[in-house]
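*Asks:* With UniProt numbering as the guide, the letters of the sequence shown map in order to residues 1 to 297.
Every residue, glycine too, gets a C-beta built ideally from N, C-alpha and C.
I am attaching a structure below and will ask some questions about it afterwards.
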Amino acid sequence: MTLQELLKNAEQTLRVAGVEVPERTARWLWQAVSGMGTAEQLVHAKDPVPAAIRETYWQWVQRRANREPLQYVLGETEFCGLPFFVDRRVLIPRPETEQLVDLAMQLITTRIAKKNEVTVVDVGTGSGAVIVALAKFLQGSAIPLRFLATDISQDALDVAIQNAKRHQVDSSIQFVKGEYLNGVMFAAHSIDVIVSNPPYIPVGTPLQPEVEEWEPHIALYAEQQGLACYRGLAQAAQQYVAEDGCLAVELGVGQADAVQQIFRAADPSFVLHVVSDFRGIDRFVIADRGSGLCEIS
Numbered sequence: 001m002t003l004q005e006l007l008k009n010a011e012q013t014l015r016v017a018g019v020e021v022p023e024r025t026a027r028w029l030w031q032a033v034s035g036m037g038t039a040e041q042l043v044h045a046k047d048p049v050p051a052a053i054r055e056t057y058w059q060w061v062q063r064r065a066n067r068e069p070l071q072y073v074l075g076e077t078e079f080c081g082l083p084f085f086v087d088r089r090v091l092i093p094r095p096e097t098e099q100l101v102d103l104a105m106q107l108i109t110t111r112i113a114k115k116n117e118v119t120v121v122d123v124g125t126g127s128g129a130v131i132v133a134l135a136k137f138l139q140g141s142a143i144p145l146r147f148l149a150t151d152i153s154q155d156a157l158d159v160a161i162q163n164a165k166r167h168q169v170d171s172s173i174q175f176v177k178g179e180y181l182n183g184v185m186f187a188a189h190s191i192d193v194i195v196s197n198p199p200y201i202p203v204g205t206p207l208q209p210e211v212e213e214w215e216p217h218i219a220l221y222a223e224q225q226g227l228a229c230y231r232g233l234a235q236a237a238q239q240y241v242a243e244d245g246c247l248a249v250e251l252g253v254g255q256a257d258a259v260q261q262i263f264r265a266a267d268p269s270f271v272l273h274v275v276s277d278f279r280g281i282d283r284f285v286i287a288d289r290g291s292g293l294c295e296i297s
């Protein structure tokens, strides 16, 4: 079988399975298996494909045809320009969450200019993408930075630690198993910046097969119309956020008003800011105590 025939068969299989962009997916998978880019694929279109690599490729095609996310098939995704290992133990980082990193960078950088030390906590770290990116980008800071990440899932923490090691920031981040900030030894009002992309999809919401059938539900769904985790985060922030500190969270579509109400109820001293994503959707809420250190450009 030639490469051209193999790719055509793969495209047809993926198309019948309902996979988006089947032709490109077939070529992406072949590139991942063979290392052969698009131009090389065209040059070698008439070449026969060795049986061993053909078998491996077809296994990957079948996995994608079963609607397994491409990132799980490849074992990797890109986030903030960095490669991250992902598998079924963790949610695949979304492009919107890159903006949460940008916001956190601004909040942390503002504090670097005014403090002797900054403590940053990522609640529900999952793959570790957010905290690892922050630790990587802020290497060489003028002041000591303390990074900590929590997750209720040990499986997720194992993946996060693997990614921290990959990017050589594992010595900079403390990983703790626990819900919200349970199990974390902090004095009251001692955390400068808390970031979180919690589960926010209401239980029972139908999702694409790639999401609903493959990604961990513990990282997707939340009770109380998707708002349960924000109540836990609000209580943790009320107790642990420093007097000049803040918390930045990602939201689901249409949740901004409800999340603001939750934070106001937990601590009336919080000053709240809503930030839209690149599509103009209210995607993030920042809660601070009116320190003036939470202005976002």
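1) Reducing DSSP to helix, strand and coil, say where Tyr180 ends up.
2) Closest by CA to Phe84, which one among Asn163, Thr110, Gln208?
3) Considering only the alpha carbon of each residue, which of Ile173, Phe79, His189, Thr150 lies closest to residue 301?
4) Could you check if Ala237 is buried or exposed, using at least 16 other CB atoms within 10 Å of its CB as the buried criterion?
5) Looking at the strands, I want to know which residues DSSP matches up with Pro48.
6) For Ala287 and Arg88, what's the separation of their Cα atoms in angstroms?
7) Quick check on the DSSP output: the alpha helix (DSSP H) that includes Ser34 runs from which residue to which?
8) Okay, do the stretch 246-266 and the stretch 63-76 touch, 3+ Cβ pairs below 8 Å being the bar?
9) What residue from His273, Gly254, Gly226 has the CA that sits closest to Cys246's CA?
10) Indicate the three-state DSSP secondary structure (helix, strand or coil) for residue 302 in the structure shown.
11) Judging by CA-CA distance, which residue of Pro144, Asn182, Thr13, Val130 is the nearest neighbour of Val159?
12) So the alpha helix (DSSP H) Val159 belongs to, where does it begin and stop?
13) Run through DSSP, which three-state label would Glu98 get?
14) Residues bridged to Leu247 by DSSP?
15) Less than 8 Å separating the beta-carbons of Val118 and Arg111?
16) Since Ala17 and Ala65 are thought to touch, with beta carbons under 8 Å apart, how far apart are those beta carbons, to the nearest angstrom?
17) On the criterion of 16 or more Cβ atoms from any shown chain inside 10 Å, does Glu250 qualify as buried, or is it exposed?
18) Just checking, does the stretch 22-34 make contact with the stretch 5-14 on the three C-beta pairs under 8 Å criterion?
19) Quick one: is Ala135 buried, meaning 16 or more other Cβ sit within 10 Å of its Cβ, or exposed?
20) Which ranges would you report for the alpha helix (DSSP H) in the stretch 236-282 if only whole runs of at least 4 residues count?
21) Would you identify the three-state DSSP class for Tyr57, choosing helix, strand or coil?
22) Express the C-alpha separation of Gln41 and Gly35 in angstroms, rounding to a whole number.
23) Could you name the residues of the same chain whose beta carbon sits closer than 7 Å to that of Val33, not counting the 5 residues immediately before and after it, in chain order?
24) Please report the distance separating the alpha-carbon of Phe278 from that of Glu98.
25) Distance check for Leu220 and Thr205, CA to CA, integer angstroms please.
26) How would you label Asn182, buried or exposed, when you count the other beta carbons within 10 angstroms and need 16 or more for buried?
27) Roughly how many angstroms separate the alpha carbons of Gln168 and Ile161, rounded to a whole number?
28) By the three-class DSSP mapping on this structure, what secondary structure does Val16 have?
29) According to DSSP, which residues form a beta bridge with Leu82?
30) Per DSSP, which residues does Thr119 bridge with? Please list them.
31) Would a C-beta distance cut-off of 8 Å place Ala256 and Ala104 closer than the cut-off?
*Replies:* Looking at the coordinates:
1) coil
2) Asn163
3) This structure cannot settle anything about residue 301, because the visible part of the chain is limited to 1 through 297.
4) A residue is called buried when at least 16 other Cβ atoms come within 10 angstroms of its Cβ; Ala237 meets this threshold and is buried.
5) Thr2
6) 32 Å
7) 22-34
8) No, they do not touch.
9) The shortest Cα separation from Cys246 among His273, Gly254, Gly226 belongs to His273.
10) Because the chain is modelled from 1 through 297, residue 302 falls outside the range shown and cannot be assessed.
11) Val130
12) 154-166
13) helix
14) In DSSP, Leu247 forms a bridge with Ile194, Ala287.
15) yes
16) 4 Å
17) buried
18) yes
19) buried
20) 256-266
21) Three-state DSSP puts Tyr57 in a helix.
22) In a straight line, the C-alpha of Gly35 is about 10 Å away from that of Gln41.
23) Ile53, Thr56, Tyr57, Trp60
24) When rounded, the distance between both Cα atoms is 11 Å.
25) When rounded, the separation of the alpha-carbon atoms in Thr205 and Leu220 is 10 Å.
26) exposed
27) 10 Å
28) helix
29) Phe79
30) Arg146
31) Result no, Cβ atoms of Ala256 and Ala104 do not sit closer than 8 Å.
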